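Protein chains in written order, with this note's numbering: chain A, 1 to 244; chain B, 1001 to 1244; chain C, 2001 to 2244; chain D, 3001 to 3244; chain E, 4001 to 4244; chain F, 5001 to 5244; chain G, 6001 to 6244; chain H, 7001 to 7244.
Protein chains: 8
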Amino acid sequence: MTFDELFDQIQQGKISKEEAQRHFSLDWMETASRYILDVNRGMRTNIPEIIYGEYKTLEQTIELATKLLEEHPRVVVSRSPFYKELNEHFKNDFPVLWSVNATVIGEMPATKGKVLVISAGSADHPVTYECEVILKAVGVEPLVFEDRGIAHPTRVLEAIKQGIEQDVAAVIVVAGMEGALAPFVSSLVPLPVIGVPTSVGYGFRAKEAALTSMLASCAPNLTVVNIDGGLRAAVVAALIAKNR
Amino acid sequence: MTFDELFDQIQQGKISKEEAQRHFSLDWMETASRYILDVNRGMRTNIPEIIYGEYKTLEQTIELATKLLEEHPRVVVSRSPFYKELNEHFKNDFPVLWSVNATVIGEMPATKGKVLVISAGSADHPVTYECEVILKAVGVEPLVFEDRGIAHPTRVLEAIKQGIEQDVAAVIVVAGMEGALAPFVSSLVPLPVIGVPTSVGYGFRAKEAALTSMLASCAPNLTVVNIDGGLRAAVVAALIAKNR
Amino acid sequence: MTFDELFDQIQQGKISKEEAQRHFSLDWMETASRYILDVNRGMRTNIPEIIYGEYKTLEQTIELATKLLEEHPRVVVSRSPFYKELNEHFKNDFPVLWSVNATVIGEMPATKGKVLVISAGSADHPVTYECEVILKAVGVEPLVFEDRGIAHPTRVLEAIKQGIEQDVAAVIVVAGMEGALAPFVSSLVPLPVIGVPTSVGYGFRAKEAALTSMLASCAPNLTVVNIDGGLRAAVVAALIAKNR
Amino acid sequence: MTFDELFDQIQQGKISKEEAQRHFSLDWMETASRYILDVNRGMRTNIPEIIYGEYKTLEQTIELATKLLEEHPRVVVSRSPFYKELNEHFKNDFPVLWSVNATVIGEMPATKGKVLVISAGSADHPVTYECEVILKAVGVEPLVFEDRGIAHPTRVLEAIKQGIEQDVAAVIVVAGMEGALAPFVSSLVPLPVIGVPTSVGYGFRAKEAALTSMLASCAPNLTVVNIDGGLRAAVVAALIAKNR
Amino acid sequence: MTFDELFDQIQQGKISKEEAQRHFSLDWMETASRYILDVNRGMRTNIPEIIYGEYKTLEQTIELATKLLEEHPRVVVSRSPFYKELNEHFKNDFPVLWSVNATVIGEMPATKGKVLVISAGSADHPVTYECEVILKAVGVEPLVFEDRGIAHPTRVLEAIKQGIEQDVAAVIVVAGMEGALAPFVSSLVPLPVIGVPTSVGYGFRAKEAALTSMLASCAPNLTVVNIDGGLRAAVVAALIAKNR
Amino acid sequence: MTFDELFDQIQQGKISKEEAQRHFSLDWMETASRYILDVNRGMRTNIPEIIYGEYKTLEQTIELATKLLEEHPRVVVSRSPFYKELNEHFKNDFPVLWSVNATVIGEMPATKGKVLVISAGSADHPVTYECEVILKAVGVEPLVFEDRGIAHPTRVLEAIKQGIEQDVAAVIVVAGMEGALAPFVSSLVPLPVIGVPTSVGYGFRAKEAALTSMLASCAPNLTVVNIDGGLRAAVVAALIAKNR
Amino acid sequence: MTFDELFDQIQQGKISKEEAQRHFSLDWMETASRYILDVNRGMRTNIPEIIYGEYKTLEQTIELATKLLEEHPRVVVSRSPFYKELNEHFKNDFPVLWSVNATVIGEMPATKGKVLVISAGSADHPVTYECEVILKAVGVEPLVFEDRGIAHPTRVLEAIKQGIEQDVAAVIVVAGMEGALAPFVSSLVPLPVIGVPTSVGYGFRAKEAALTSMLASCAPNLTVVNIDGGLRAAVVAALIAKNR
Amino acid sequence: MTFDELFDQIQQGKISKEEAQRHFSLDWMETASRYILDVNRGMRTNIPEIIYGEYKTLEQTIELATKLLEEHPRVVVSRSPFYKELNEHFKNDFPVLWSVNATVIGEMPATKGKVLVISAGSADHPVTYECEVILKAVGVEPLVFEDRGIAHPTRVLEAIKQGIEQDVAAVIVVAGMEGALAPFVSSLVPLPVIGVPTSVGYGFRAKEAALTSMLASCAPNLTVVNIDGGLRAAVVAALIAKNR
């Protein structure tokens, strides 16, 4: 029913107010969903398909990944407790790159651009490696330096130096505890910095201290993602690097 | 002792101030409990008997459910860690509809009215299915669409379209993480929407983000229940649908 | 450019990858916005136009309200610090019903259905009256009982009794402090109850105690809105009442 | 060294400023600890010796309890994970009254006075029973009514009625979730009420909702203890009842 | 309509399910409110009438107080911003005892029993004086020692000594900042102690530190009221003292 | 003193352990500060000099700005309460572009690249305009669309469409309340999105809801800055756009 | 009454259990307060008398200060809103050193030892100056460097260099926002560092970010005081410096 | 490339703006890292090497410790879940002093100075013993008194007396629950006091109550470390004692 038809029916009293209202809403929906085909989100946003694995069973995850791999060159599974089993299942048919937090199944794309990844401590490794894996999956080369906390200023400088030499497009800083590495790095580079606060630490607001600190920093070139949000930082950094 | 008798005793000094005060309070209680028979709460509020199972042993739960089933056509057990054992125990004598969060033991009533249930992701399934089970137990037909997060706008539209076509009386939106599905759906329907924030997510305020978001929304037709409060959302939606 | 044309250009190497990706996204947008006319949200959701007045100047608010009144029979201004000035400005041309939290400019609609509104204390009056004003603006008759806190159980019973006698479709409970009135009322009525926690109180979590309490309640027929969210409670209750 | 001696030494320059200051402090300490004998705290405060068992090993707890029982008629062990083993160890030599939260080893005293204990739900049983055990250990008779939540107002009234009839000196209300039982009971009795918020509940501020609610209540005769603080409520109620 | 009549009408099909359910609920309410006369709450709970003045205008407060004074010997107004104006208005007709937090209008009752009130610092004076005023209004003699913080242990001991000499029935400790005075005093007296955390302090959780501290204390004879809740502490202490 | 000299002195026992340690640290500092000339931070990070004005007096701010303008073509003053006075003071000598949150004094640079700025409501204007001003100051063209909240999906689509048509390099989403606009926009663009949560809203966690929501979102291309952190979002977006 | 006398009375049945218990407690108090003379706390702890001025009137503060100055060479008034009036009142009779947060009235003592004070920004000035004033009042020489935030690493190095050259005994770091200056400085000095988080900042946990960050730091030589707690940091640093 | 060379290239247009900016930053880094050799942090800060063991595998920890022991006389491993296995592994080759929270491998240094350590309860033992172990590892003699909570004032006095007699340089107070021991001890000693709040306790803010309390205290000679931060307290106290 078109809007005009609806209008006429109302004027001629052939339709009750309640029914007209319902049809009107319905019509709007119908129109919208007929035309807005749910085109591939991956294609629209230029990011591999991501399966959020945290609450899924192994069977659900394999089924979903298998289906997506029929139409996509690669798929990312994030936060699955079954990363080892996924590797076992897929490794004969696809290249698999896995970490505790993220697994990529399928061929890696060619890379374009580079991103510098600096972590504060070895305890931040799982999130740091998640960044590395995802950067590769999106097609950007990661340049990774681990265990460069603020307690060792010269080791931080070394990492930044190499990053700038190799012309990285963005910097990811992975840090827990008080997270001071992020504003320190930000003050030294003329680039967008993405802070990934980790849940490493103990005591007062143990899991939130780094996030709090990074948000409160006055460094003007620093943005932040959720705690342990390595994937998100990597995707954003990759979008910056690829479009450079 | 009537109030008059009490009054006389006081005036004639036959009773001390302390005792009089105590008797007076007592009297009030006696009167109240004589007349306010504890009529069946289920009958008064039109909702099946609900056993809160979280802290009860299997034995306590079975005993309580059995006793209630003698007088009621059905009983709901919520949040019991023994949902599987309950099914085993009762399935030969009663129809049982169980989920992780809620189990219904006994015949389902005939349905009157419909409620649309939309969830953001497959991780929200336990709460979504809890809504479905409870809606049936109260006598309303659920129309369920899962995994319709805001990342796929057209899939949301499709669900809403079908809900309006089938003339649902209310909408339940089950969503974790940032919970943005609830205000989005609310902006598209001329109906009461009940948001069920779930504890799905990780990082900063992982379990509270959806609740925070739904409360803060400016959507005027959205109310909220407790985190993972599927049962409550289903009961309220059912009361709306049945009385329509 | 159609998808087919785009596909051809890609295959024939006439377009770079970056440009193609951009056009593709653009196309999707173009299609969507050509077809999804932004039909009147008020008509779609059956709620009067609402101007959020909190951060607007008097001039901005008057201009916006005037414009909306040209096409709508009435407009709601919520949380404007200029509620008195708005009344002065519009009262000669329109009926105005104002409170501290919400002002309605324009003719009130005829009512259909009733909603019971109970408040805990006289300090909750501004929010209670906001509910009353909005219910009228949406076209539902409010039945209001104020100052019926849990300290006076019989006064609560009296209010509920009258509500049920007059066949209300839903109950709004407005309460601050520990908010115990909401679960108490919920346990006594076979109806949807909407709790509006207010910011009345002092001391520990003064402004959040009632919200915390209402969310935590085990009353199965109680949903909640934001603190001091009278408007939202009234709109939802009205949608229930009008469709009954 | 007396103060006078110290003064003289300073005046005559026989002692440096730093040393004098140190001796002075030391002197104060010496005097204090010579005269303030650490008389039995139990005797001074009229409460049985309490061993905080949460972080102690079984061996430590047994050793400490055995030693205290040599000088005291009874000892309380609170929050020990070894309550069962303690019972096994001591039951042949002493009467033992144990619950999940508190164990009393030794003869119970004769009782004087009564305290009413009302709990909201059966999930609150461990804390409720802790109150009962401690009241007996301090020498007061508990009058216990469980599962009397606000959803069943008449069952609450029945409990209060019996409490007043038996002339209790104080009321303990044990309640989780939204804790509304405490202000409701407080509004009905002319007695001190001690609210014990429990950690029963789920969702938003699950463990703190009852505490928040009881603190925020405007009931003037209600005080509160820590979450799950049954022991503390029982001790205070007993002190009130015994001195009446 | 009696329950029997209702039952018959249902059996004979003279009444619809919806209407029956509504009448049933209504009936319950009618019965309850007919018999539960709202007897004077003050008389039932033995506490003077209290007007919560925080959100009321001067006019509302005067009107309410005047009305209550017609039937009661005294009335308490708590947290009124108009305490000075109230004094001016009533002082010719009634004795008035006012403080920043609480005003008592009307004759003070004779006292029975004593309560010890100790405050940590002079900044706690408004809450301390509120305790004093309310104790007098309920009919108990206050014994007040101010500025006895834990930094001066001997001054605390002096206050306690006098309290025990005069045989007080309970102790109120008023303290802000870290509130350590409350557990310290509790460890020294064989009496119920009521802690009143005040909002005095600055920095981290400035207003909540004393509350947190008092709740966390392991002193078994200490209960707590809301922040700055002098009135509540005084009422409870008075109930203990008067019934001794 | 060189390290060698220090080493010799130690070996020959000419220096105490304490002094050596102190000199050693000192030496390290001396070296560092001799070589690390504090080169212009603006030059190093490619961002105009920013004066944090919140706690400075007008005089301090003018003095500092004047001094910086001698060596830099432009200076930014953020969060100064004296933005109007600053305009008055400098407008005769420099072009001034001011908003409530940020003022730019000096010639604007030529622009390179574009950034899309979308805000949810008109209440977000001050932060939105701050983004616009800063983007211009860094040399990027802003494309601004205000008042495009999620309640009007088609208006959002229109803004995104224009942004993609004009080939923006990044998107800034400014939103308060539940902040759902940020994940919604993120799901529709193949670009880095920077969410700026604002402090617009009321009720529960009024000022933090948008931040919580944006952090919790599962949109992989969304990073976040501090609440009301328009400046930081603009600087990061500009760095992306300029290097593209 | 001695303990022996009490014991005899009990054995001979001349005293009731209640009375004996009361006398016993009393006795303990009497003994304690007779012997523990409240010697001057300032003398015992080696710190000037401090008047907490926040909630005191000007009159109360002057009276108290005047009285203390009769017996002490100097007195500190902290957080008085009347610091200017205090200066006016006392400046003719005493030297006065005042800041917004702390005022010292009386002759300054000779200094012994030095403390390095570094602040992050000029907004931290009031707290920084409070440290300076108090250090002088306790008799230690402050070495102050302001506006040395982590954004300017070489300016931080310069300050540390001078501190070590002058052989300071401890370092105070005053910083708001993300407070990263404190762990950075701590990693560079072989000295105790005292972090003073300030309330400078905006947005998320604006006032608590620096505190959270400093507590979470893994720097092993860093302790922390309350937010804006300059006085406490200065006293502790002075105690370290004076006893060196 | 020197700055001069860079300058020339720019003036002669031989280098683009982007490249010059990158080289400039690079240059700065190169210079800095060439001169700032990462000299041994342990030597610079006078504290043994500390391995943060919480997230490391046993193998990683052993490898790292072995490597450090080649160049250092001792190494500290903090918070390793493998403290027992570390002991087994190293005990044949090195002296090992281990506790649940900290393990020291290698010869202990000679001690200089003393520190008093007082704990509130036996539940605080793991943190107390951590302090003891670390003090020894840094070369200071610990004087430890455990289980001296505020409930036993005279036992506290005894500990302080002995500390002052033995001329300790600083006091560490380890306390959970309400942490009142810290301000109490601070009021009695003329020394720096370092409070270590522990996570011992239950109920409301169980793990944060002692921290909150210690920060809020008005004791001027008290600083605080993170919850359960025994290592940090011990290092700071040792730095004070060794430099005395």
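Quick reminder that beta carbons are idealized off the backbone N, C-alpha and C, glycines included.
It should be emphasised that the depicted structure is a prediction, and the values quoted were computed from it without experimental measurement.
Taking the C-alpha atoms as reference points, what is the distance between Ala7169 of chain H and Ile3051 of chain D? Taken atom to atom, the span from the alpha-carbon of Ala7169 of chain H to that of Ile3051 of chain D is near 33 Å.
With a threshold of 8 Å, are at least 3 pairs of Cβ atoms found where one atom belongs to the segment 1206-1217 of chain B and the other to the segment 1135-1144 of chain B? When Cβ pairs closer than 8 Å are counted between the two stretches, the segment 1206-1217 of chain B is seen not to touch the segment 1135-1144 of chain B, the count staying below three.
Could you check the C-alpha separation between Val4144 of chain E and Lys3161 of chain D for me, to the nearest Å? Rounded to whole angstroms, Val4144 of chain E to Lys3161 of chain D spans 37 Å at the Cα level.
Would you call the segment 5116-5131 of chain F and the segment 5144-5159 of chain F in contact, with 3 or more CB pairs under 8 Å? Yes: the two stretches touch, three or more of their Cβ pairs being nearer than 8 Å.
What's the call for Gly3013 of chain D, buried or exposed, on a 16-neighbour Cβ count within 10 Å? A residue is called buried when at least 16 other Cβ atoms come within 10 angstroms of its Cβ; Gly3013 of chain D does not meet this threshold and is exposed.
With a floor of 3 residues, list each beta strand (DSSP E) that falls wholly inside the segment 4072-4158 of chain E, ordered by position along the chain. Runs of the beta strand (DSSP E) inside the segment 4072-4158 of chain E: 4074-4078, 4096-4098, 4102-4106, 4114-4119, 4141-4145.
From what residue to what residue does the beta strand (DSSP E) around Gly6195 of chain G run? Gly6195 of chain G -> beta strand (DSSP E) spans 6193-6197.
Along chain F, in chain order, which residues have C-beta atoms closer than 9 Å to that of Ala6241 of chain G? Going along chain F, no residue has its Cβ under 9 Å from Ala6241 of chain G, so there is no contact; the nearest lies around 15 Å.
Looking at the secondary structure, which residues open and close the beta strand (DSSP E) in which Thr5057 of chain F lies? For Thr5057 of chain F, there is no enclosing beta strand (DSSP E), as DSSP gives it neither H nor E.
At what residues does the beta strand (DSSP E) containing Val1174 of chain B begin and finish? For Val1174 of chain B, the uninterrupted beta strand (DSSP E) segment begins and ends at 1170-1175.
What residue range does the alpha helix (DSSP H) around Val6235 of chain G cover? From DSSP, the alpha helix (DSSP H) with Val6235 of chain G extends over 6230-6242.
So, for Ile1188 of chain B: in the same chain, excluding its five sequence neighbours on each side, which residues have a beta-carbon less than 7 Å away from its beta-carbon? It should be noted that the sequence gives Leu, not Ile, for residue 1188 of chain B. Cβ contact annotation for Leu1188 of chain B (same chain, cutoff 7 Å, sequence separation greater than five): Ile1160, in chain order.
Selection from H:Pro7190, H:Tyr7202, H:Leu7211 that minimises the alpha carbon distance to Ala7175 of chain H: Considering only alpha carbons, the answer is H:Leu7211.
I'd like to know whether the C-beta atoms of Val1171 of chain B and Gly1163 of chain B end up nearer to each other than 8 Å. Taking 8 Å as the cut-off, the beta carbon of Val1171 of chain B is found closer than this to the beta carbon of Gly1163 of chain B.
Sub-8 Å separation of Pro7048 of chain H and His7072 of chain H beta-carbons: In contact: Pro7048 of chain H and His7072 of chain H (Cβ atoms closer than 8 Å).
Please classify Asn92 of chain A as buried or exposed, where buried requires at least 16 neighbouring CB atoms within 10 angstroms. Burial is judged here by how many other beta carbons sit within 10 angstroms of a residue's own beta carbon; Asn92 of chain A has fewer than 16 and is exposed.
Tyr7083 of chain H versus chain G: which residues are under 8 Å apart at the beta carbon? Contact note: Tyr7083 of chain H does not reach chain G at a C-beta cutoff of 8 Å; the least C-beta distance is about 18 Å.
What residue from C:Gly2179, C:Ala2110, C:Thr2103, C:Gly2053 has the CA that sits closest to Asp2124 of chain C's CA? Taking only the C-alpha atoms, the option nearest Asp2124 of chain C is C:Gly2179.
Straight-line gap, Leu4069 of chain E to Pro3190 of chain D (C-alpha atoms, nearest Å): Distance between Leu4069 of chain E and Pro3190 of chain D, taken at the CA atoms: about 21 Å.
Separation of Val2115 of chain C from Ser2217 of chain C, as counted between CA atoms: Each residue's alpha carbon lies about 22 Å from the other.
In chain C, which residues lie less than 7 Å from Asn1221 of chain B when you measure between Cβ atoms? Simply Thr2045, Ile2047, Val2235, Val2236, Leu2239.
Short check: CB of Ile5062 of chain F to CB of Ala5102 of chain F, under 8 Å? Against a cut-off of 8 Å, the Cβ pair of Ala5102 of chain F and Ile5062 of chain F comes out as no contact.
Should Ala1151 of chain B be labelled buried (16 or more other beta-carbon atoms within 10 Å of its own) or exposed? With 16 or more other Cβ atoms within 10 Å, it is buried.
Reduced DSSP secondary structure (H/G/I, E/B, other) of Val1185 of chain B: Note: Val1185 of chain B maps to helix in three-state DSSP.
On a CA-only basis, which of B:Pro1081, B:Gly1053, B:Glu1059, B:Gln1166 is nearest Val1075 of chain B? Give me that one, please. Considering only alpha carbons, the answer is B:Gly1053.
What separation, rounded to the nearest whole angstrom, lies between the Cα atoms of Val4185 of chain E and Val2100 of chain C? If I take the Cα positions, the gap works out to 47 Å.
Would you grab the beta carbon distance between Asn4221 of chain E and Leu3239 of chain D for me? Rounded to a whole angstrom, and I think it's under 8 Å. Their Cβ separation, rounded to whole angstroms, is 6 Å, which keeps Asn4221 of chain E and Leu3239 of chain D in contact under 8 Å.
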